[in-house]
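Counting in my numbering, the sequence shown runs from 1 upward without gaps. C-beta atoms are modelled at their ideal positions from N, C-alpha and C, and glycine is treated no differently. Everything numeric in this text was worked out from a predicted model, so none of it was measured.
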Amino acid sequence: MSKKNMKKILVTGSVGQIGSELTMALRKKHGNDNVLATGRKTKPSETLLNSGPFEFIDIVKKETVEKVVKDYDIDTIYNMAAILSATGEEKPLLCWDVNMNGLYNILELAREYEMTRVFVPSSIAAFGPETPRIDTPQETVLKPKTMYGVTKVAGELLADYYFKRFNVDVRGVRYPGIISSETLPGGGTTDYAVAIYYEAIKNKRYTCFVKKDTTLPMMYMPDCIKGTIDLMEVDLSKLKHHSDFNLASMSFSAGELASEIKKHIPEFICDYKPDFRQVIADSWPQSIDDSAARKEWGWKPSYNLSSMTKDMLEKLGKRHEEGKL
Ligand code: SER
């Protein structure tokens, strides 16, 4: 199909941490006009606005999504709109509403309009304290203790239900903490692993909200984008799983992250002042077994802690020098 006749892609949550970079990657791949960026209320960046179409919608209000589905002839949805773990504990009902009722609306529209494919992200937050924490298996105990985690488990089940019951080709991964240099994350437990880089560049000092020995699975944005698009493009016949792929890249403690940054910025100081997010972090795995993703669709990350840190500090350092950080 030529790019001109191609049906369109909708990205919800396109102003968010992953959505913003995913939208640009999809525009590069499929043509700017074929990728509709949407958000609920946050002002989009100039980069997003100037490179292709943008609309405000609210996934909780189905009619606002249906309008753009019709207007733009949407055929594929990446549903990146969500309330993350820390905000979810402060506003559990909002978290349920956006992550569940919003998802339900997206899946219903995909079914009604016979869309080709839907991407629905899950998270390491689907696991809980009873789950094995090292090399967490693909099939394991899913008893999260956060509202965010509850919506992620229910979301995986609902998405797989839509695949089985209605033939909607829904796909998804359990993202680890995502580290990136373009858009800050908001309201997550793994946000410290991004903020530490910004503060190291700006102030050479960071107060981390989890303990030094807190270890979580993490991933650099280029791998996150690649994995997301690769999963969406693989032939359906290759997949045994659909909405719940474990996805791993690297695991490190907050202290190890600080030491890696110190290799580049020796005067950097990190102190630790755990808050309510410590309990959430302690309920999540330290490392993930992602062999199903590797086997079924060829997942293979490229970055490790050292190459990611070098790249993050270079990018943020440059923006700081230009006075844009
Ligand atoms: N990064 C997310 C959070 O911290 C995990 O999916 O909430």
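Proximity test, residue i beta-carbon vs the ligand SER heavy atom, cut-off 7 Å
{"i": "Ile9", "result": "no"}
{"i": "Ser291", "result": "no"}
{"i": "Thr42", "result": "no"}
{"i": "Thr190", "result": "yes"}
{"i": "Tyr197", "result": "no"}
{"i": "Ala258", "result": "no"}
{"i": "Ser180", "result": "no"}
{"i": "Tyr78", "result": "no"}
{"i": "Gly186", "result": "no"}
Residue i versus the options, residue with shortest Cα-Cα distance
{"i": "Lys336", "options": "Gly187, Lys295, His320 and Ile18", "result": "With the chain covering 1 to 325 only, the question about residue 336 has no answer from this structure."}
{"i": "Phe54", "options": "Val35, Pro285, Asn246 and His30", "result": "Val35"}
{"i": "Lys300", "options": "Asn167, Asn203, Lys226 and Val141", "result": "Lys226"}
{"i": "Asn79", "options": "Asn32, Leu22, Glu139 and Gly13", "result": "Gly13"}
{"i": "His241", "options": "Asp275, Ala293 and Gln17", "result": "Ala293"}
{"i": "Ser302", "options": "Ser291, Ser287 and Met250", "result": "Met250"}
{"i": "Val403", "options": "Val11, Val170, Ile83 and Thr183", "result": "This structure leaves residue 403 out entirely; the chain is present only between 1 and 325."}
{"i": "Arg277", "options": "Ile178, Arg319, Thr116 and Tyr192", "result": "Tyr192"}
{"i": "Asp169", "options": "Glu108, Ala126, Thr189 and Thr136", "result": "Glu108"}
{"i": "Ile9", "options": "Arg27, Gln17, Val141 and Ser20", "result": "Arg27"}
{"i": "Leu239", "options": "Gly172, Ile134, Met147 and Glu89", "result": "Gly172"}
{"i": "Ile201", "options": "Ala159, Glu314, Arg111 and Pro176", "result": "Glu314"}
{"i": "Cys208", "options": "Asp271, Ala86 and Lys143", "result": "Asp271"}
{"i": "Trp297", "options": "Leu103, Thr228, Lys318 and Glu139", "result": "Thr228"}
{"i": "Phe268", "options": "Val279, Glu321, Met219 and Tyr206", "result": "Tyr206"}
{"i": "Tyr162", "options": "Thr190, Leu103 and Val141", "result": "Leu103"}
{"i": "Lys143", "options": "Met24, Asn304 and Pro285", "result": "Pro285"}
{"i": "Thr309", "options": "Lys324, His264 and Tyr72", "result": "His264"}
{"i": "Glu89", "options": "Asp289, Asp311, Gly317 and Val279", "result": "Val279"}
Those residues which DSSP pairs with residue i across a bridge
{"i": "Cys270", "result": "Tyr206"}
{"i": "Thr136", "result": "Ile288"}
{"i": "Pro217", "result": "Ser251"}
Residue range of the unbroken alpha helix (DSSP H) whose run includes residue i
{"i": "Thr23", "result": "Gln17 to His30"}
{"i": "Lys70", "result": "Lys62 to Asp71"}
{"i": "Glu89", "result": "Ser85 to Glu90"}
{"i": "Thr309", "result": "Leu305 to Glu321"}
{"i": "Lys164", "result": "Met147 to Phe166"}
Start and end residues, beta strand (DSSP E) containing residue i
{"i": "Ala37", "result": "Val35 to Gly39"}
{"i": "Asn79", "result": "Ile74 to Asn79"}
Legend entry - contact_flag[the region 151 to 169, the region 108 to 125] where n(CB pairs < 8 Å) is 3 or more: Below 8 Å, enough C-beta pairs join the region 151 to 169 and the region 108 to 125 to call them touching: three or more.
Legend entry - Three CB pairs or more closer than 8 Å across the region 250 to 270 and the region 43 to 61: When C-beta atoms of the region 250 to 270 are compared with those of the region 43 to 61, fewer than three pairs fall below 8 Å, so the two segments do not count as touching.
Inset, instruction - Decide yes or no for the touch test of the region 130 to 140 against the region 96 to 108: beta carbon pairs closer than 8 Å, at least 3 of them. - result: Under the 8 Å Cβ criterion, the region 130 to 140 does not count as touching the region 96 to 108, having fewer than three qualifying pairs.
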